Amino acid sequence: MNFKQLIYWEKQGYDQLCGVHCINSLLQGPYFNEVDLGTIAQELDKQEIDLLGKTKRRFKSQNVAEDGNFSIQVLAEALKKLGDLSIESIDSKLNQNQDLSQESGFICNSSAHWFAIRKIDNVWYNLNSTNKRGPEIISDFYLSAFLLSVKENGYQIFVVKGVYPPPQLDNINQNDRQKVLTAQYVKQVHDRRVKRKNYKLNIGGSDEVEMEKALKASKGEKYESTDEEFEEEVQQPQKKQSTPKFQGQGIQFGFQQSIANYQNFNIDQDDAEYRSIILMTLEQKFSIQLEEGIVILFQMPDGKNKQYTFSYDAAVEDLYDFVFYESRQSPMKFTLVCPIQKLQLLDVSQLLLDIGIDTMTQIIVKKE
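Convert by adding 481 to the 1-based position in the sequence shown; the result is the number in the numbering used here.
Written as structure tokens, this is what we have:
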């Protein structure tokens, strides 16, 4: 495995734009957005209206649903626009008895969800936009079994054949939805997860998680989340709305004020010597930036932004150490908040990867 290989992955929020995330992850770059696919859907609608002789008032689009979910025809047309790319069901005569591991990519569709599977630098990845921690590695040995599992769970699987465009990874403004990760990072997450007894690859959409929660609730049972679910286990709004962009201190979470169990908050303010020793230790700790790791973006109480690359085995305590050191000129007690998850980071012993904090995560520093 080439650990410096870059992998593009899009993460799904409250939207139903899994078709957009699917096709972009497959192609390894933000080639399309919802407007692009919406335009293609309208073009297909017009062709169908002309063919059927119906009026727009009597015509209901089969190419895009009201919630933004796109049809297979839309994705197929989008792939055609990029050149020599076509889709074919794995159940077709053309693909019967074929070694599917020799293909380059697949797109999978249920009634309410799309996701992509792609081979990148000879490694297969499950690029489902609802994955909890980004792309998931699929071994060559397990690929056939995984495809069978996907099919048995009600998905249609299509092989994407032809010449793929080059990855479009330049000038990507990484955010909570668009991520460029190294193969090394993905492999480290994979190695950590496969050690767990209940490890399995994710094939679901966030909608399926909500259905399971509702089913449990109807039976009076408590829903227990698993490691395979979509990262943002927060109650979805009653009305669908776009996920707000990160706005620093302006976001209100309704959390009760609470201090983390961070040991340096207990330093006696009058013990200047001990405080000096702690700061000298932290200065050595953060004097060198790692080339690889988990990049964390901090929004400080004064509105300034700080960034640091932590090791893959970093814990919440390391985040507190960094902010404690950076705020040494104006000592304060503070709480760290992950806005996209609406999560207060109070247990400093937790490993970042174990609680779903990965590279390019934004953290708000809330002064107490």
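Where is the CB? At the ideal position from N, CA and C, for every residue including glycine. Bear in mind that the values here come from a model prediction, so they are computed numbers and not experimental data.
For the pair Ile777 and Ile844, the CB atoms are nearer than the 7 Å cut-off. DSSP lists Leu832 as the bridge partner or partners of Ala796. For Glu558, the uninterrupted alpha helix (DSSP H) run begins and ends at 553 to 562, by DSSP. Beta-bridge analysis with DSSP links Leu566 to Gly643.
Burial is judged here by how many other beta carbons sit within 10 angstroms of a residue's own beta carbon; Lys766 has fewer than 16 and is exposed. Gln493 places its beta carbon 7 Å or farther from that of Asn550. If you draw a 10 Å sphere on the C-beta of Val501, you find 16 or more other C-beta atoms in it, and that means buried. Following the DSSP letters along the chain, one finds Asn505 inside the alpha helix (DSSP H) bounded by residues 499 to 508.
C-alpha of Glu558 to C-alpha of Leu508: approximately 14 Å in a straight line. Excluding five sequence positions before and after Phe596, the CB atoms of its chain that fall closer than 6 Å to its own CB belong to Cys503, Cys589, Asn609, given in chain order.
Taking 7 Å as the cut-off, the beta carbon of Leu624 is found closer than this to the beta carbon of Ser582. In the three-state reduction of the DSSP assignment, Thr816 falls in the strand class, which pools E and B. With fewer than 16 other Cβ atoms inside 10 Å of its own Cβ, Asp621 counts as exposed. By the C-beta criterion, the region 824 to 842 is judged to be in contact with the region 795 to 805, since at least 3 inter-stretch pairs fall below 8 Å. A buried status is given to Arg614, since no fewer than 16 other beta-carbon atoms sit within 10 Å of its beta-carbon.
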